[in-house]
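Residue numbering for the sequence shown follows the numbering used here, starting at 76 and increasing by one per position.
For reference, the structure discussed in these notes is given below.
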Amino acid sequence: RAPLPHRPSSDAPPASTALHAVPRPAAALSSVAAAVRSAGAPGVVAMAAATAGTAYVGKKLLDRGSRKYGEGTVAAEYDAWTQDGILEYYWGEHIHLGYYDAAEMAAGYKKKNFIQAKYDFIDEMMALGGITAAADGDAKVLDVGCGVGGTSRYLAKALGGGASVTGITLSPNQVKRATELAVEQGVPNAHFQVTNALDMTFEDNSFDIVWACESGEHMPDKKAYIDEMMRVLKPGGKFVMATWCQRDDRGKPFDEKEKRDLKFLYEEWTHPYFISIEKYAELIDDTKVMSTVTTADWNEQTIASWRHSVWVGVYDPRGFIFKPTKYWKCLKDGYCLERMHRAFDRGLMQYGMFAATKELPPATPAPAGEAAETEEESYTALVKDLAEEEEAPAKA
């Protein structure tokens with residue numbers, strides 16, 4: 076595994092920190108009881124009504140998607156997340172979920188380092204795609220939706236100096252931060268640029284590996300997203316993708332609650348829509364240039380990330396506590412993390428994994444005329460060689 080990056084504190088705080096993070100139940104109940112006694116019956120009713128009203132209004136506000144997808148919204152949101160630094164403080168260099176194996180889940184996911192889980196995810200995704208330093212030490216890699224470049228730099232280091240990695244994103248702030256970190260870490264073979272994944276400027280068949288981790292969620296045209304990645308991948312090249320998916324509703328249509336839940340998940344983190352694992356596989360097959368795609372649902376291996384993300388903020392509030400203008404946004408993000416957990420937990424959402432290889436083009440047979448001419452030339456050369464052999468003894 077890769078060495079852990081520097082973090083201000085560990086994921087697991089001392090017991091005293093955890094205790095001070097939440098008020099003691101006895102003290103809280105005592106305060107409530109004192110308030111009730113002093114208020115009397117009419118006051119209690121008024122307090123209950125006010126509390127219920129506040130809770131209702133708060134819930135309505137939290138349930139309203141506040142970052143709907145639109146022109147330029149993805150770049151703007153990631154610019155903002157990068158600039159305020161809160162996401163990087165807690166999630167490190169990797170804006171994607173982590174990987175937790177069965178033993179780690181059985182032991183309790185909070186015992187695992189939250190950042191290490193993300194490095195483990197990259198290792199597992201590399202294994203799924205058959206990507207190794209031995210086989211791909213001179214590969215040209217495209218990281219589609221690179222964030223602040225954590226995965227791009229990790230791949231550049233893992234594959235070695237003979238490989239080159241290009242990370243693309245819509246966010247200028249992410250490109251700036253990714254480049255800064257590449258310089259700081261001494262990773263000259265990782266480069267970053269602002270590029271629209273639906274309209275890439277790269278030539279056909281440019282990359283040996285196309286890697287896409289949690290970027291499809293933001294794509295307004297999933298077919299164009301897949302088609303463009305297949306276009307720039309070289310014949311024989313490796314494709315591996317991870318993306319949040321909604322369940323396939325063609326057999327069992329979504330009910331009204333599921334539709335409301337999906338609408339919230341679309342609109343809170345600027346997603347146009349999700350599609351199913353099955354639909355993505357069909358889009359890949361429809362390109363007619365890929366081998367049979369391998370698919371998997373890594374929900375069990377990643378679901379712990381949602382609540383783990385909340386807990387690291389509870390254990391260590393320093394990432395946001397001195398930024399009061401971000402409190403509401405942080406609350407909304409925490410609420411959305413829990414809504415994501417519940418959607419994945421009940422099967423409304425799935426964690427789609429995909430791996431395939433671009434097929435080599437079939438050998439083009441020479442036209443019949445050219446074949447006959449080539450055969451005739453070969454016969455002429457053979458006769459000439461025989462004649463030269465017969466002349467050689469005579470000259471001797």
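Quick reminder that beta carbons are idealized off the backbone N, C-alpha and C, glycines included.
Closest Cα partner of residue i within the set the options
i	options	result
Tyr-426	Leu-273, Cys-221, Trp-381, Val-258	Trp-381
His-383	Met-180, Thr-207, Thr-369, Lys-313	Met-180
Gly-422	Glu-333, Ile-161, Phe-339	Glu-333
Thr-244	Ala-238, Thr-254, Gly-237	Thr-254
Lys-297	Gly-183, Lys-187, Leu-337, Asp-361	Asp-361
Lys-193	Arg-417, Gln-268, Asp-154, Glu-289	Glu-289
Asp-213	Leu-234, Ile-197, Leu-203	Leu-234
Ala-418	Ala-379, Val-262, Tyr-184	Ala-379
Met-23	Gly-394, Asn-264, Arg-306, Ile-284	The chain is shown from 76 up to 471; residue 23 falls before or after that span and cannot be answered.
First through last residue of the beta strand (DSSP E) which encompasses residue i
i	result
Val-223	That residue, Val-223, is in no beta strand (DSSP E); it is neither H nor E in DSSP.
Gly-242	239-244
Tyr-426	424-432
Ile-284	282-288
Ala-438	Element bounds for Ala-438: n/a, residue is neither H nor E.
Phe-196	Phe-196 -> not in any beta strand (DSSP E); alpha helix (DSSP H) instead, spanning 189-204.
Trp-403	From DSSP, Trp-403 is part of no beta strand (DSSP E) but of the alpha helix (DSSP H) over 402-420.
Val-307	It is not in any beta strand (DSSP E) - Val-307 instead sits in the alpha helix (DSSP H) that spans 297-307.
Asp-526	Residue 526 lies beyond the residue range present for the chain, which begins at 76 and ends at 471; the question has no answer from this structure.
Ala-265	265-269
CA-to-CA distance, residue j to residue i, given in whole angstroms
i	j	result
Glu-259	Val-216	21 Å
Thr-226	Pro-399	31 Å
Ala-54	Glu-331	Since the displayed the chain opens at 76 and closes at 471, residue 54 lies outside it and no answer follows.
Pro-100	Val-385	Here Pro-100 scores only 43 on pLDDT, less than 50, and its place in the model should not be relied on; the value that follows carries that caveat. Using only the alpha carbons, I get a separation of about 21 Å.
Tyr-229	Ile-161	21 Å
Phe-277	His-266	14 Å
Ala-102	Ile-301	The predicted model places Ala-102 with a pLDDT of 49, which falls under 50 and marks its position as unreliable, so this point remains unresolved.
Asp-372	Ala-209	28 Å
Gly-326	Leu-412	28 Å
Ala-231	Lys-186	29 Å
Gly-312	Ala-182	39 Å
Thr-157	Ala-438	48 Å
Tyr-144	Leu-340	11 Å
Gly-133	Gly-205	48 Å
Thr-148	Arg-335	21 Å
Glu-463	Pro-436	42 Å
Ala-178	Phe-196	15 Å
Gly-261	Pro-328	51 Å
Pro-310	Asp-211	14 Å
Inter-residue CB distance, residue i and residue j (contact presumed, cutoff 8 Å)
i	j	result
Thr-345	His-293	7 Å
Lys-472	Leu-137	Any question about residue 472 goes unanswered here, given that the chain covers just 76 to 471.
Asp-218	Val-240	6 Å
Gly-167	Ile-190	5 Å
Gly-220	Ala-272	7 Å
Glu-343	Ser-141	7 Å
Ala-356	Met-316	Contact flag wrong, Cβ pair sits at about 11 Å.
Lys-401	Asp-176	Their Cβ separation, rounded to whole angstroms, is 34 Å, which puts Lys-401 and Asp-176 out of contact at 8 Å.
N-terminal and C-terminal residue of the alpha helix (DSSP H) that residue i is part of
i	result
Ile-161	161-166
Ala-257	247-260
Gly-388	379-390
Leu-358	352-361
Asp-336	331-343
Ala-178	177-182
Asp-211	208-211
Practice task
Examine the Cβ distances between the stretch 310-325 and the stretch 346-356 and report whether three or more of them are shorter than 8 Å.
Solution key: Three or more Cβ pairs drawn from the stretch 310-325 and the stretch 346-356 lie within less than 8 Å of each other, which places the two stretches in contact.
Exercise for the section: Count the CB pairs spanning the stretch 362-378 and the stretch 427-437 that are closer than 8 Å, and state whether there are at least three. Expected result: yes
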